[in-house]
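**Student:**
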């Protein structure tokens, strides 16, 4: 038997064993993806949160646990079918559909064939479904649950499938909350990313979706019936550091609360449950930017979401929580480390760069004054020395110079601006001592990322392979919805453009 054939056969046997070994059953599953999050991400967020909350210094630390710290139950391998270092599309395909594929694939095999996702299997069995993300809702991680395309860059096509506009099995998602409005608006509309005249916001409205595009409209969604489409930015939503000050978008926690409560309200009396995927997407983006305080604050928000979901599950014990990152981003290490210099940073590197690009004076002397008077205080670097200011001004960009100085002062080191191949931590929670012990016993140890949806499949008693068969039959009739012509461009590698 060829090595590749042996690996495929071995994976199939493992998936069967996982499905047959589940001793936990639940009505609802909430799966949370902290994109780009690694063990050091949690370490840095925990320490910075403790220093901010207790007022202690890095030389006399009083460190408190964050909510995620108590929920670790295993670890997950993340490689893709064609790279030791995965991207979010290939890892997402593994998490959503249980198949290894190439970097850039959205729930299709290396041969370009569609594979059914856990969300689609839930929907077709009568459960309600939801996707929440702080990046574009048509970006890779949410896309793999409700779309099938050869190339993750085909976000307009992904948006169509997520709404059921071109999905061969109809609408699969009852609730979508996040960014990426530009992929839903027709060309010519302000901020549109589309090259055609398809207006998916209008289509959603015609299909009975409650559509929200502002924070004020978001506040009305708590009592709105399904289906719901909420798109609060043309692209990625604001970093949490920036959002707290701007206050024009809902937070990840607010979207989580609305999603969980809405799905519960829609299913509580029906005897059917729900499947919800939540992505803390911007941990990854901050890692790509090597932006230490920002990375920590995004990780902190992920912990806040976990805490709220954990408490909700205690009141709704027919629900389980699973959470694992698709990969680690940045190669973060902590050496000569003290997070105290990050304490006073109030804005992300991206925000500071945008501010500089928009308002910097043309005169070099005035630029230095503007940097010192406006940019550095927002970075918590009011006391930067002349040499440090010179280094920021000489950097490839002001944002990169500020982030590098913050990292250096805090003893935070980045080995890359891309992804890494390190294993990620698997977290889980169930209400009650017996059920929680059973979940931990089921999932203790190391797992391939393809095995996790098979476990959820067993927990919810679903049939992912049945969905795959239906998708394959549809593709035999017409495969244009797969973006099949783009298969030749499928391997996107680990380029920074694709987070």
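Numbering (mature numbering (1 follows the signal peptide of the UniProt record, and there is no 0)), first residue to last: -19 to -1, 1 to 480.
Glycine is no exception: its CB is placed at the ideal position from the N, C-alpha and C atoms.
Any contact of the stretch 224 to 240 with the stretch 336 to 351, i.e. 3+ C-beta pairs under 8 angstroms?
**Tutor:** As far as the Cβ criterion goes, the stretch 224 to 240 does not touch the stretch 336 to 351, which means the pair count is below three.
**Student:** Buried or exposed for residue 101, please, with buried defined as at least 16 other CB atoms from any protein chain shown within 10 angstroms of its CB.
**Tutor:** Residue 101 is buried by the Cβ-count criterion.
**Student:** Rounded to whole angstroms, what is the Cα-Cα separation between residue 463 and residue 34?
**Tutor:** Each residue's Cα considered, the two are about 49 angstroms apart.
**Student:** Terminal residues of the continuous beta strand (DSSP E) containing residue 92?
**Tutor:** That residue, residue 92, is in no beta strand (DSSP E); it is neither H nor E in DSSP.
**Student:** Which class does residue 318 belong to by DSSP, given the choice of helix, strand or coil?
**Tutor:** Correct three-state label for residue 318: coil.
**Student:** If you draw a straight line from the C-alpha of residue 168 to the C-alpha of residue 181, how long is it?
**Tutor:** For residue 168 and residue 181, the distance between alpha carbons rounds to 11 angstroms.
**Student:** Can the beta-carbon of residue 68 be found less than 8 angstroms from the beta-carbon of residue 44?
**Tutor:** Result no, Cβ atoms of residue 68 and residue 44 do not sit closer than 8 angstroms.
**Student:** When we look at the beta-carbon of residue 366 and count the other beta-carbons within 10 Å, is it buried (16 or more) or exposed?
**Tutor:** Counting Cβ neighbours within 10 Å, residue 366 comes out exposed, since fewer than 16 surround it.
**Student:** Per DSSP, what kind of secondary structure is residue 153 in: helix, strand or coil?
**Tutor:** In this structure, residue 153 counts as coil in the three-state DSSP scheme.
**Student:** Between the Cα of residue 212 and those of 200, 222, 460 and 204, spot the shortest distance and give me the residue it belongs to.
**Tutor:** Residue 200 is the option with its Cα nearest to residue 212.
**Student:** Per DSSP, what kind of secondary structure is residue 61 in: helix, strand or coil?
**Tutor:** If DSSP states are grouped into helix, strand and coil, residue 61 belongs with coil.
**Student:** If you reduce the DSSP assignment to three classes, tell me which class residue 410 lands in.
**Tutor:** Reduced to three states, the DSSP call for residue 410 is strand.
**Student:** At the level of alpha carbons, what is the spacing between residue 223 and residue 61?
**Tutor:** Taking the straight line joining both Cα atoms gives about 33 angstroms.
**Student:** How about residue 461 and residue 394: are their beta carbons less than 8 angstroms apart?
**Tutor:** No, Cβ-Cβ distance for residue 461 and residue 394 is not below 8 angstroms.
**Student:** Is the CB-CB distance between residue 154 and residue 194 below 8 angstroms?
**Tutor:** For residue 154 and residue 194, no; Cβs fall outside 8 angstroms.
**Student:** Give a yes or no on whether the C-beta atoms belonging to residue 391 and residue 320 are separated by under 8 angstroms.
**Tutor:** Result yes, Cβ atoms of residue 391 and residue 320 sit closer than 8 angstroms.
**Student:** Residue 159 and residue 116 look like a contact to me (Cβ under 8 angstroms); what is the Cβ gap, rounded to whole Å?
**Tutor:** Residue 159 to residue 116, Cβ: 7 angstroms. Contact.
**Student:** Using three-state DSSP, classify residue 304 as helix, strand or coil.
**Tutor:** It is a strand residue.
**Student:** Given a cut-off of 8 angstroms on the beta-carbon distance, is the pair residue 302 and residue 290 in contact?
**Tutor:** Contact flag set, yes.
**Student:** Rounding to the nearest angstrom, what Cα-Cα distance links residue 385 and residue 279 in this structure?
**Tutor:** So the alpha carbons of these two residues sit roughly 18 angstroms apart.
**Student:** How do the stretch 78 to 85 and the stretch 52 to 66 stand: do at least 3 beta-carbon pairs fall below 8 angstroms, yes or no?
**Tutor:** Counting Cβ pairs under 8 angstroms, three or more are found: they touch.
**Student:** Among residues of its own chain, excluding the 5 on either side of residue 425, which ones have a beta-carbon nearer than 8 angstroms to its beta-carbon?
**Tutor:** Around residue 425: 54 and 55.
**Student:** Ignore the nearest five residues each way along the sequence and tell me which others in residue 349's own chain have a CB closer than 8 angstroms to its CB.
**Tutor:** Excluding residues within five positions, the ones whose Cβ falls inside 8 angstroms are 370 and 374.
**Student:** According to the neighbour-count rule (16 or more other Cβ atoms, all chains shown, within 10 Å of its Cβ), is residue 418 buried or exposed?
**Tutor:** Counting Cβ neighbours within 10 Å, residue 418 comes out exposed, since fewer than 16 surround it.
**Student:** Closest by CA to residue 89, which one among 66, 107, 52 and 133?
**Tutor:** Residue 133 is the option with its Cα nearest to residue 89.
**Student:** With a CB to CB cut of under 6 angstroms and the five nearest residues on each side skipped, what residues in its chain are close to residue 364?
**Tutor:** There are no such residues.
**Student:** Tell me the rounded alpha-carbon separation between residue 210 and residue 156.
**Tutor:** One C-alpha to the other measures close to 6 angstroms.
**Student:** Which same chain residues end up closer than 7 angstroms to residue 5 when comparing Cβ atoms and leaving out the 5 residues on each side of it in sequence?
**Tutor:** So the qualifying residues of the chain are 301, 411, 416, 419, 420, 423 and 440.
**Student:** Judging by CA-CA distance, which residue of 206, 442, 431 and 314 is the nearest neighbour of residue 19?
**Tutor:** Selected option, being the one with the closest Cα: 314.
**Student:** Terminal residues of the continuous alpha helix (DSSP H) containing residue 77?
**Tutor:** 69 to 78 is the span of the alpha helix (DSSP H), which, as asked, contains residue 77.
**Student:** Tell me whether the stretch 262 to 276 and the stretch 235 to 242 touch, counting them as touching only if at least three CB pairs, one residue from each stretch, are closer than 8 angstroms.
**Tutor:** No, because fewer than three Cβ pairs between the stretch 262 to 276 and the stretch 235 to 242 fall closer than 8 angstroms, the two stretches do not touch.
**Student:** Taking Cβ positions, are residue 174 and residue 228 nearer each other than 8 angstroms?
**Tutor:** Contact flag unset, no.
**Student:** Enumerate in chain order the residues of its own chain whose CB-to-CB distance from residue 12 is below 6 angstroms, with the five nearest sequence positions on each side excluded.
**Tutor:** Once the five neighbours on either side are set aside, the close Cβ partners of residue 12 are 258 and 303.
**Student:** Look up residue 256 in the DSSP assignment and give the residues it is bridged to.
**Tutor:** Partner(s): 10 and 110.
**Student:** Have a look at residue 355 and residue 8 and give me their C-alpha separation to the nearest angstrom.
**Tutor:** Rounded to whole angstroms, residue 355 to residue 8 spans 52 angstroms at the Cα level.
**Student:** Closer than 8 angstroms by C-beta to residue 407: which residues in its own chain qualify, once you throw out the five before and the five after it? Chain order, please.
**Tutor:** If we look at residue 407 and ignore the five residues flanking it on each side, its Cβ neighbours are 53, 54, 55, 56, 57, 303, 304, 305, 424, 428 and 433.
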